[in-house]
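Please read the structure below before turning to the comments.
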Amino acid sequence: MPQVGPSLKDKITLKIKKALRMNIFLCDSCKWDWRGACHNPERPNATWCPDYEKRGKW
Ligand code: SF4
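Right, dumping it as structure tokens:
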């Protein structure tokens, strides 16, 4: 079953990142961050995304 929202762990991680003033936007490091590949309306400011894959990772 696909995940429909952030898990508790994801929410806690996001809060910690915000508190540390780290970059919270996933799209900046996502390999799908270009117009033809991603049609998610959250792009380019997604803070949680089920399709996220780190850029440069195979
Ligand atoms: S797949 Fe998700 S994280 Fe990646 S660019 Fe699209 S919205 Fe951003």
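At position 30 of the sequence shown the residue is numbered 16 (my numbering), and the sequence of numbers has no breaks. Note that CB positions come from ideal geometry on N, CA and C, so glycine has one too.
With the cut-off set at 9 Å, would you say residue i and residue j are in Cβ contact?
| i | j | result |
| --- | --- | --- |
| W20 | Y38 | no |
| N26 | F11 | no |
| K40 | C13 | no |
| W34 | L0 | yes |
Could you give the uninterrupted runs of the beta strand (DSSP E) lying entirely in the stretch 0 to 36, keeping only those of 3 residues or more?
none
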